[in-house]
Structures are given as C-alpha cells and as structure tokens.
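Colleague: Using the numbering used here, the first residue of the sequence shown is number 10, and each one after it goes up by one. Just passing along the structure, written as structure tokens.
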Amino acid sequence: PVSTSTSASSGTVVAPGRRTTACNRHPTRCRVYTPTDRVSELQNEGAYAVLAAAQALEAQGRDIVHLEIGQPGFPTPAHVVDAGVDAIRGGQTKYSAPDGVP
C-alpha cells in the first residue's frame, strides 16, 4: 500500500482506489499514484516468499511450524535484553556481516 502524502505543487497523492477526505473536498488537487516500471518490478523480501510457501503447504493440510517470520509468543529473556543494551551503548549500531561478529 502507498501512504497518502501532500505536496503544495502537485496536490495529494493517493493509492489506486483510495480517496482521502481532502480529495473529496478538492478533487482537482488529487491524483492517483501510478508506480513506475522499476517500482512495479520490486520483489518481496525473502521471508515473505517463504511465508507464502509455508501457508500454501498449510492450505494443503501439512502441519507447519512457522520459523520464517512473526512475533515470538514469549517475552525477550532478560540476558538477551541486557546484551542488546550493552551492544548499543558500546557503539555496535551498524549492520554486521551475515556470519556475525567476532
């Protein structure tokens, strides 16, 4: 979905099929967002493709344990919270290599 944004020069941009109250009051200021070819060709992040495949298997009756995406059903353990806070305070705030940090 595309969020609504307002620009003084071009008016309000709305996603296809959506209108805002401002557009209803001033329809000549609104235009429908049409994505460029490059934007239309963007792919979902990999975890969503795995989720879709898992859901398709579930729809076929397979018993799936979802590890690909989502929220845990339990609070973060205190030692993990503490390690995260220590890392941030220690300046470890950049992306790391996929294999981790030494």
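From the three backbone atoms N, C-alpha and C, an ideal C-beta is built for every residue, glycine too. Computed from a prediction, not measured in an experiment: that's the story for all the values here.
Considering Val41, what are the terminal residues of the beta strand (DSSP E) in which it resides?
Modeller: Stepping through the sequence shown from its first residue, residue 41 is reached at position 32. Val41 -> beta strand (DSSP E) spans 39-41.
Colleague: Distance check for Cys39 and Gln80, CA to CA, integer angstroms please.
Modeller: The count along the sequence shown starts at 1 and reaches residue 80 at position 71. The count along the sequence shown starts at 1 and reaches residue 39 at position 30. The straight-line gap from Cα to Cα measures roughly 38 Å.
Colleague: State whether the segment 84-97 contacts the segment 66-76, with contact taken as three or more CB pairs (one from each stretch) at a distance under 8 Å.
Modeller: Judged by Cβ distances under 8 Å, the segment 84-97 makes no contact with the segment 66-76, as fewer than three pairs qualify.
Colleague: What's the gap between the Cα of Gln101 and the Cα of Ala58?
Modeller: Taking the first residue of the sequence shown as position 1, residue 101 is located at position 92. Taking the first residue of the sequence shown as position 1, residue 58 is located at position 49. The alpha-carbon atoms of Gln101 and Ala58 are separated by roughly 30 Å.
Colleague: How is Leu51 classed by DSSP in three states: helix, strand or coil?
Modeller: To locate residue 51, count along the sequence shown from 1; it is residue 42. In the structure shown, Leu51 sits in coil (DSSP, three-state: anything other than H, G, I, E or B).
Colleague: For Tyr3, which three-state DSSP category applies?
Modeller: This structure leaves residue 3 out entirely; the chain is present only between 10 and 111.
Colleague: Please tell me whether Ala63 and Glu77 are closer than 9 Å, where the distance is taken between their beta carbons.
Modeller: One-based indexing of the sequence shown puts residue 63 at position 54. One-based indexing of the sequence shown puts residue 77 at position 68. Going by C-beta atoms, Ala63 is nearer than 9 Å to Glu77.
Colleague: Ignoring anything shorter than 3 residues or poking outside the segment 79-103, list the beta strand (DSSP E) runs there in chain order.
Modeller: Segments of the beta strand (DSSP E) lying fully in the segment 79-103: there are none.
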